[in-house]
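Asks: Numbering (the numbering used here), first residue to last: 59 to 603. Glycine is no exception: its CB is placed at the ideal position from the N, C-alpha and C atoms. Starting off with a structure, shown below.
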Ligand SMILES: Cc1cc2nc3c(=O)[nH]c(=O)nc-3n(C[C@H](O)[C@H](O)[C@H](O)COP(=O)(O)OP(=O)(O)OC[C@H]3O[C@@H](n4cnc5c(N)ncnc54)[C@H](O)[C@@H]3O)c2cc1C
């Protein structure tokens, strides 16, 4: 590419930088063709920010060199691990014109400490890669799985403070050390960490700084040490049916007390609303439920969910431990949750697999449907055991999106319409009811049923995930979904329900709040990244506010 002359005859900064990057990266590591860039702009919404180029460094040293050139030419960068941040912006930066640093080629598992379960890995390592690596060596540790599936990163997910399905559900909480290239080129490392990751004690001495890199845009993380949970002797799930929506408050109190008494024997409990159940079940239309364009309203939602074998609220919990722990926890769950649920069922993967096989031998539509339910149940159990699966991903395809034949699922590339609204809800009956009522009213007003799941993060709070699912090919539907998200955000905020994570398009809604917290964030950003080099505006107010 020939350098374009600028106004005063100076070369265009991007052209000059590209020339310099070509001396560091191979041709395949520099993408500038419009079709190549378009892949990084695709999102599960109509949000899209064109990058000026995409670079694929393959090592920490290349990241340092690439960053030095970006700094020299005043070009902002946006690092991604695998760029599958579906429902939260995918690979998009907050602003257009960033150079995307695609780190998916950095796939080294640098160190594994088998006695401690500490793994030090690079940003491109996916859930599936880690699973294969552990299995090949016979290590019985769980991969911190999520609903986003096998091809998503561990580093990007943890940096977003993602949540998962194994006992180490809070993924950034399991990070014990990290390495990052700062905007000035310094390589930052956690105080007690060495190349091999360190001892697993995250705090070290002095202020805790690793947290600055999660939802922080203060550097490019090149490695992370994560504490993996060992796979216990027994992993079981329990499912329960709460028939009346009016029993939610009581159910929340019982769930809280159960979690408190069970301690770490229960990994977490999810309360799935009838609307969420329908959204998950309807995708493949195999429950005989008619597709629908408009919201059904609560009464119809509940009626349909019950007809499909669910309830106003379905609960799912996971038990981890030795056989003795599991037996004691089952007893506790029976005494507590069995007292409020119409039905309570325990399952293991082995049991689900046996029944699935039996169904395969039986003729008829009913056994085929039951077989499919058992397969989903088994794959759900595998996720809980730390085996990455795509079982939750079809949800994104409810209103639009189709995976091309032979391709892996990618909701951003496949045309899915999805925005996650994910506020934290205190685990009290009153707060849960208040939240659910507001969310339902606002969703209905905007033409959606509120597909709420309340996932316990501790015995004190839930993370609510509410997917707004829409037709991404219909501009009016995209606008409706955006308006719904904003209305949920503002109504929630007014009552103290704040999201734990937001889509890139909404970054400034939070960060431009003139609170002491965001002012401190700005001060730190200006000190560490005075040129606003890394992901400008993503997790801090735009400079010059
Ligand atoms: C149906 C469905 C279910 C989902 N279920 C879950 C779930 O259970 N839990 C969950 O957490 N998410 C879930 N997601 C959301 C999302 O897809 C995942 O969180 C996914 O792991 C994020 O994408 P990624 O791993 O490719 O991260 P990336 O997209 O690579 O990274 C996310 C962000 O982190 C920052 N970042 C990434 N890498 C670096 C780096 N090396 N240095 C500095 N900053 C960096 C950037 O700001 C980037 O935009 C779900 C999505 C769908 C569609």
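1) So the beta strand (DSSP E) residue 535 belongs to, where does it begin and stop?
2) If you measure from the CB of residue 143, is any heavy atom of ligand 1 nearer than 7 angstroms?
3) Looking only at C-alpha atoms, which of 509, 240 and 283 sits nearest to residue 256?
4) Smallest Cα separation from residue 104: which of 470, 499, 588 and 549?
5) How about residue 238 and residue 271: are their beta carbons less than 8 angstroms apart?
6) For residue 84, does the count of other Cβ atoms within 10 angstroms reach 16, so buried, or fall short, so exposed?
7) What are the partner residues of residue 136, as DSSP defines its beta bridges?
8) Taking 7 angstroms as the cut-off, is the beta-carbon of residue 147 closer than that to any non-hydrogen atom of ligand 1?
9) Where does residue 530 land, buried or exposed, given buried means 16+ other C-beta within 10 angstroms?
10) Between the beta-carbon of residue 370 and the beta-carbon of residue 301, is there less than 8 angstroms?
11) Where does residue 373 sit, in a helix, a strand or coil, going by DSSP?
12) For residue 521, tell me which candidate among 536, 504, 421 and 560 has the shortest Cα-Cα distance.
13) So what's residue 584 in DSSP terms, helix, strand or just coil?
14) Any beta-carbon of chain D closer than 8 angstroms to the one on residue 299?
15) So who's on the other strand from residue 523, going by DSSP bridges?
16) In terms of alpha-carbon separation, which member of 111, 254 and 538 lies closest to residue 169?
17) Would you be able to state if there are at least three C-beta pairs under 8 angstroms between the segment 231-250 and the segment 472-491?
18) In the DSSP assignment, find the alpha helix (DSSP H) that holds residue 335 and state where it starts and stops.
19) Buried or exposed: where does residue 546 fall if 16 or more other Cβ atoms within 10 Å of its Cβ makes it buried?
20) Taking a contact to mean a Cβ-Cβ separation below 8 angstroms, would you say residue 410 touches residue 436 in this structure?
21) Check whether the segment 284-299 and the segment 431-446 are in contact - that is, three or more C-beta pairs closer than 8 angstroms.
22) In terms of DSSP beta bridges, what is residue 327 paired with?
23) Please tell me whether, using a cut-off of 7 angstroms, the distance from the CB of residue 509 to the nearest non-hydrogen atom of ligand 1 is below it.
24) Please name the residue, chosen from 261, 249 and 87, that lies closest to residue 232 on a Cα-to-Cα basis.
25) Throw me the rounded Cβ distance for the residue 688 and residue 134 pair, which I believe falls under 8 angstroms.
Replies: This is what the structure holds:
1) Within the chain shown, the letter at position 477 stands for residue 535. In this chain, residue 535 is not harboured by any beta strand (DSSP E); it is covered by the alpha helix (DSSP H) spanning 533-552.
2) What you label residue 143 is simply residue 85 of the chain shown in a count that begins at 1. Correct: residue 143 has its Cβ closer than 7 angstroms to ligand 1.
3) As a first step, residue 256 must be located in the chain shown, where it is residue number 198. With distances taken between Cα atoms, residue 256 lies closest to 283.
4) Walking along the chain shown from the start, residue 104 turns up at place 46. Proximity to residue 104 across 470, 499, 588 and 549 peaks at 470, based on C-alpha coordinates.
5) Translated into the one-based positions of the chain shown, residue 238 becomes position 180. Translated into the one-based positions of the chain shown, residue 271 becomes position 213. Cβ atoms of residue 238 and residue 271: closer than 8 angstroms.
6) Position 26 of the chain shown, counted from the start, is the residue given in the question as residue 84. Exposed, by the Cβ-count rule.
7) For this step, residue 136 is matched to residue 78 along the chain shown. BP columns for residue 136 point to 158.
8) As a first step, residue 147 must be located in the chain shown, where it is residue number 89. Taking 7 angstroms as the cut-off, the C-beta of residue 147 counts as close to a heavy atom of ligand 1.
9) Along the chain shown, one-based indexing puts residue 530 at 472. Classification for residue 530: buried.
10) Locating residue 370 in the chain shown gives position 312, where the first residue counts as 1. Locating residue 301 in the chain shown gives position 243, where the first residue counts as 1. The Cβ atoms of residue 370 and residue 301 lie closer than 8 angstroms to each other.
11) Translated into the one-based positions of the chain shown, residue 373 becomes position 315. In the structure shown, the three-state DSSP call for residue 373 is strand.
12) Residue mapping note: residue 521 aligns to position 463 of the chain shown, counting from 1. Of 536, 504, 421 and 560, the residue nearest in Cα terms is 560.
13) Counting from one through the chain shown, the residue named residue 584 turns up at place 526. In the structure shown, residue 584 sits in a helix (DSSP, three-state: H, G or I).
14) Reference to chain D is not applicable here, since this structure consists of a single protein chain.
15) Taking the first residue of the chain shown as 1, we reach residue 523 at position 465. For residue 523, which the question treats as bridged, DSSP gives the partners 511.
16) Looking up residue 169 in the chain shown gives position 111. Closest option to residue 169, Cα to Cα, is 254.
17) Touching, no, given that fewer than three Cβ pairs across the two stretches are closer than 8 angstroms.
18) On the chain shown, position 277 is the one that residue 335 refers to. Residues 332-340.
19) Residue 546 sits at position 488 when you count from the first residue of the chain shown. Buried, because 16 or more other Cβ atoms sit within 10 Å of the Cβ of residue 546.
20) For the purposes of this step, residue 410 is taken as the residue at position 352 of the chain shown. For the purposes of this step, residue 436 is taken as the residue at position 378 of the chain shown. Contact: yes.
21) With the cut-off at 8 angstroms, the segment 284-299 and the segment 431-446 touch.
22) The residue you call residue 327 lines up with position 269 of the chain shown. 375.
23) Walking along the chain shown from the start, residue 509 turns up at place 451. In terms of side-chain proximity, the C-beta atom of residue 509 is found no nearer than 7 angstroms to any non-hydrogen atom of ligand 1.
24) Residue 232 sits at position 174 when you count from the first residue of the chain shown. The shortest CA-to-CA distance from residue 232 to any of 261, 249 and 87 is the one to 261.
25) Past the edges of the chain, shown from 59 to 603, lies residue 688, and the structure says nothing about it.
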